[in-house]
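Trainee: Protein sequence lines, in the order shown, are assigned to chains A and B.
Residue numbering for the first sequence follows the numbering used here, beginning at 24 and increasing consecutively.
Residue numbering for the second sequence follows the numbering used here, beginning at 43 and increasing consecutively.
I have a structure here, written as structure tokens, and I will follow up with some questions on it.
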Amino acid sequence: MSHDELINMISERAGISKQTVRDILSTITDVWSKEIIARGELDLENIGEFIIEHRPGRKGVNTESRELFLIPPRDALTFLPSRELIEWSNKSA
Amino acid sequence: MTQDELLKKCVDRGVADETTVTAVSHLFYVFLLSALQRGQRVEIPDFGTFGTRVVGVKRSRKMPFFEPDSELAEQVNERYRELKYVVIGKCEITPLVGETAYEGKEAPYDSLVEQIGKQKVLDTHHDVLPEEYIADVRRKDQLGPPTEEYIIDMRQKDRLTPQREKPSMPKFNLKEEGAEGEPGKEAPAPQPHLHEAEEGGGMNSLTKVLIAVALLVIVTLALHFFGIIRLWGPGPAKEVALPEPVPTIMPQEQKPLAGADTTPVPGVVTPTPVPVEKPRPAIVASGTGNFTVQVSSWLSRSKADEEVSRLVGAGLDAFVEEGAVGGAQRHRVRVGRYTTQKEAGEAAARLREILENGAWVARVGS
């Protein structure tokens with residue numbers, strides 16, 4: 024489902040203009056992103072939990088060229104889905 | 043932060059009123075669930091993508107996942123944004139795993155950055171070709187000629203699998219050792235037991251074993267010859283233990299037979315039994331009867347006489363009768379004379395018990 028399809032469905036169901044829905048959705052995701060970056064985690068009750076994990080650097084080998092290189096450390100965003108989301112995903116449509 | 047606080051932040055930005063924001067948020071959640079239930083992906087720009095992937099052994103379980111957008115990932119990874127992939131060499135010349143200070147998940151990235159230099163780390167790009175990198179390193183004399191890589195590699199392999207020296211075993215070929223000694227190196231002194239073997243004409247172990255077996259066979263045959271052990275054939279003849287003289291059957295007036303005496307000797311008609319502790323049945327001989335008891339039969343007269351003398355010594359009325367069987371003369375050793383066959387049979391039964399040998403009734407002169 025693309026972003027436009029989602030906006031059309033929400034606008035049809037709620038009776039709100041598409042631009043309003045687009046602005047509201049962008050605002051919501053922006054708030055989520057800022058919250059994740061600021062606090063390092065975000066817990067949405069029905070959807071799940073977003074956590075920033077630190078992954079240390081390590082060595083890597085290119086098997087073709089036999090190069091040995093360093094993979095730098097990084098912070099990655101991980102998502103832990105809620106139980107409700109998992110149950111809904113496994114329900115038959 | 044709760045859901046209400048997040049919605050309140052959105053309302054504070056002035057996008058829409060609280061009711062509209064709440065409705066859109068709720069509908070977003072509903073359509074997200076329905077899309078995941080159908081296995082679809084939901085793309086949200088500048089944030090990420092929600093979706094499901096099949097997991098589990100049976101591949102029958104769906105697990106929702108979230109892929110952050112590249113901009114969001116960069117914002118999250120703000121601290122290490124400047125760090126890039128750094129090529130540090132060829133894996134052949136790097137120390138093997140286990141010999142480095144690589145412990146756990148924490149790679150020695152900081153220490154390597156200190157060695158190489160942060161500027162080099164930041165400037166190096168992962169698109170550098172290996173040839174260019176190797177040429178650059180050679181230019182700085184940090185790496186030897188290409189063949190040295192393999193030398194280092196081989197040294198590491200040798201260090202992993204050291205070749206142990208085999209223990210020197212003594213040489214048993216003393217003939218060649220004595221004849222073909224090295225000129226510049228004196229041959230070691232042979233062992234005493236090996237020296238003896240050389241004197242014996244180069245006797246090897248097989249010859250020694252054969253000699254030992256032969257000696258064992260000779261000793262065994264000698265023991266068999268002297269009768270100490272018995273390997274084959276019948277056992278040693280048992281000496282017939284003759285019974286002791288029985289006083290009850292000993293006649294009072296009996297003349298022992300000596301030499302060749304073909305005339306029948308009349309036995310004692312009324313033997314007088316002597317009281318003994320254990321009474322035994324007497325062998326009564328009438329002396330003039332036609333029946334007798336034959337004990338044995340011999341081809342030679344001398345053996346028959348020996349048998350008679352033994353029986354007489356035992357107190358029996360024994361004598362020798364000659365007869366011919368198939369043209370050959372026989373010397374029959376017989377005991378007593380009886381008038382009836384019944385008496386002779388009883389006497390034969392007694393003799394069988396006493397002599398532990400065959401004894402049967404026969405007619406005198408037959």
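Where a beta carbon is used, it is the ideal one built from N, C-alpha and C, also for glycine.
Inspect the CB distances between the region 54-68 of chain B and the region 37-54 of chain A and report whether three or more fall short of 8 Å.
Mentor: Yes, the region 54-68 of chain B touches the region 37-54 of chain A.
Trainee: Grab the span of the beta strand (DSSP E) containing M105 of chain B for me, first residue to last.
Mentor: Residues 103-110.
Trainee: Just checking V375 of chain B against the ligand HEM - is the residue's beta carbon closer than 7 Å to any of the ligand's heavy atoms?
Mentor: No copy of the ligand HEM appears in this structure; indeed no ligand is present at all.
Trainee: How about A256 of chain B and V335 of chain B: are their beta carbons less than 8 Å apart?
Mentor: Against a cut-off of 8 Å, the Cβ pair of V335 of chain B and A256 of chain B comes out as no contact.
Trainee: Taking 8 Å as the threshold (beta carbon to beta carbon), is D59 of chain B in contact with chain A?
Mentor: So no, D59 of chain B is outside the interface.
Trainee: Three or more C-beta pairs under 8 Å: does that hold for the region 85-102 of chain A against the region 123-130 of chain B?
Mentor: The region 85-102 of chain A vs the region 123-130 of chain B: in contact.
Trainee: Can you tell me whether D88 of chain B is buried or exposed, with buried defined as 16 or more other CB within 10 angstroms of its CB?
Mentor: By the 10 Å Cβ count, D88 of chain B comes out exposed.
Trainee: Candidates A:K114, A:N85, A:D53, A:K82: which alpha carbon is nearest P110 of chain B's?
Mentor: Taking only the C-alpha atoms, the option nearest P110 of chain B is A:D53.
Trainee: Any beta carbon of chain A sitting closer than 8 Å to that of R101 of chain B?
Mentor: False, the Cβ-Cβ gap to chain A never drops below 8 Å.
Trainee: Give the secondary structure of F268 of chain B by DSSP, where H, G and I count as helix, E and B as strand, and everything else as coil.
Mentor: In the structure shown, F268 of chain B sits in coil (DSSP, three-state: anything other than H, G, I, E or B).
Trainee: Could you give the C-beta distance for F92 of chain B and F70 of chain B, rounded to a whole number, given that I count them as a contact under 8 Å?
Mentor: Not confirmed; about 11 Å, so no contact.
Trainee: Just to make sure I have the definition right: I need the residues of chain A whose C-beta is within less than 8 Å of the C-beta of D46 of chain B. Which are they?
Mentor: In chain order: nothing, as chain A lies at least about 10 Å away.
Trainee: Can you check DSSP and say which residues form a bridge with K82 of chain A?
Mentor: Beta-bridge pairing links K82 of chain A to A:L93.
Trainee: Could you tell me the boundaries of the alpha helix (DSSP H) in which E388 of chain B lies?
Mentor: That run of the alpha helix (DSSP H) goes 383-397.
Trainee: Measure the alpha-carbon distance for I74 of chain A versus V72 of chain B and round it to whole angstroms.
Mentor: Rounded to whole angstroms, I74 of chain A to V72 of chain B spans 23 Å at the Cα level.
Trainee: By the 8 Å beta-carbon criterion, what residues does the region 49-69 of chain A contribute toward chain B?
Mentor: Under the 8 Å Cβ criterion, the region 49-69 of chain A contributes S49, T50, I51, T52, D53, V54, W55, S56, E58, I59, I60, R62, L65, D66, L67, E68, N69.
Trainee: Can you name the residues that DSSP bridges to T94 of chain B?
Mentor: In DSSP, T94 of chain B forms a bridge with B:P106.
Trainee: Inspect the beta-carbon positions of T330 of chain B and T381 of chain B and report whether they are closer than 8 Å.
Mentor: Yes; because the gap between Cβ atoms is below 8 Å, this pair is in contact.
Trainee: In the DSSP output, which residue or residues are listed as bridge partners for H373 of chain B?
Mentor: B:W340, B:E364, per the DSSP bridge assignment.
Trainee: Taking a Cβ distance cut-off of 8 Å, strictly less, list which residues of the region 103-115 of chain B are near chain A, in chain order.
Mentor: Result list: R103, K104, M105, P106, F107, F108, P110, L114, A115.
Trainee: In whole angstroms, give me the CA-to-CA distance for K147 of chain B and H77 of chain A.
Mentor: Because K147 of chain B carries a pLDDT of 46, less than 50, the predicted location of this residue cannot be relied on, and the following value inherits that uncertainty. C-alpha separation (whole angstroms): 11 Å.
Trainee: For S408 of chain B, which residues of its own chain have a beta-carbon under 8 Å away from its beta-carbon, when the five flanking residues on both sides are left out?
Mentor: Excluding residues within five positions, the ones whose Cβ falls inside 8 Å are G365.
Trainee: Which residues in the same chain as E363 of chain B place their Cβ atom closer than 6 Å to its Cβ, once the five residues preceding and following it in sequence are excluded?
Mentor: Contacts found: R374, R376.
Trainee: Could you tell me if L138 of chain B is buried or exposed, where buried requires 16 or more neighbouring beta carbons within 10 angstroms of its beta carbon?
Mentor: Annotation note: pLDDT 44 at L138 of chain B (below 50); position unreliable, no value reported.
Trainee: Indicate whether I33 of chain A and P106 of chain B have their beta-carbon atoms separated by less than 8 Å.
Mentor: Cβ distance not < 8 Å, so I33 of chain A and P106 of chain B don't count as in contact.
Trainee: Thinking S112 of chain A and Q79 of chain B are a contact (beta carbons under 8 Å), I'd like their distance in whole angstroms, please.
Mentor: Right, the Cβ-Cβ distance comes to about 6 Å (below 8 Å), so this counts as a contact.
Trainee: Using CA coordinates, which residue listed in A:E28, A:L103, A:E90 is at the minimum distance from A77 of chain B?
Mentor: Checking every option, the nearest Cα to that of A77 of chain B belongs to A:E28.
Trainee: List the residues of chain A that V97 of chain B touches, going by C-beta distances under 7 Å, in chain order.
Mentor: Correct list: empty, because the minimum Cβ distance to chain A is about 10 Å.
Trainee: Is G387 of chain B closer than 8 Å to V403 of chain B when the C-beta atoms are compared?
Mentor: Yes, the pair counts as a contact, with Cβ atoms nearer than the cut-off.
Trainee: Below 6 Å CB to CB, which residues in the same chain sit around E72 of chain A once its five sequence neighbours on both sides are set aside?
Mentor: Within the same chain, E72 of chain A has close Cβ partners D66, L103.
Trainee: Considering L65 of chain A, what are the terminal residues of the beta strand (DSSP E) in which it resides?
Mentor: L65 of chain A -> beta strand (DSSP E) spans 64-67.
Trainee: Could you have a look at D98 of chain A and say whether DSSP puts it in helix, strand or coil?
Mentor: If DSSP states are grouped into helix, strand and coil, D98 of chain A belongs with the strands.
Trainee: Check the C-beta distance from D59 of chain B over to V53 of chain B and give it rounded, since I have them as a contact under 8 Å.
Mentor: That belief holds up - the Cβ atoms of D59 of chain B and V53 of chain B are roughly 7 Å apart, short of 8 Å.
Trainee: Taking the straight line between their C-alpha atoms, what separation do you get for N69 of chain A and S105 of chain A?
Mentor: Roughly 6 Å between the two C-alpha positions.
Trainee: Can you find a CB in chain B that lies within less than 8 Å of the CB of I109 of chain A?
Mentor: Yes, its Cβ sits closer than 8 Å to a Cβ of chain B.
Trainee: Does DSSP classify I75 of chain A as helix, strand or coil?
Mentor: If DSSP states are grouped into helix, strand and coil, I75 of chain A belongs with the strands.
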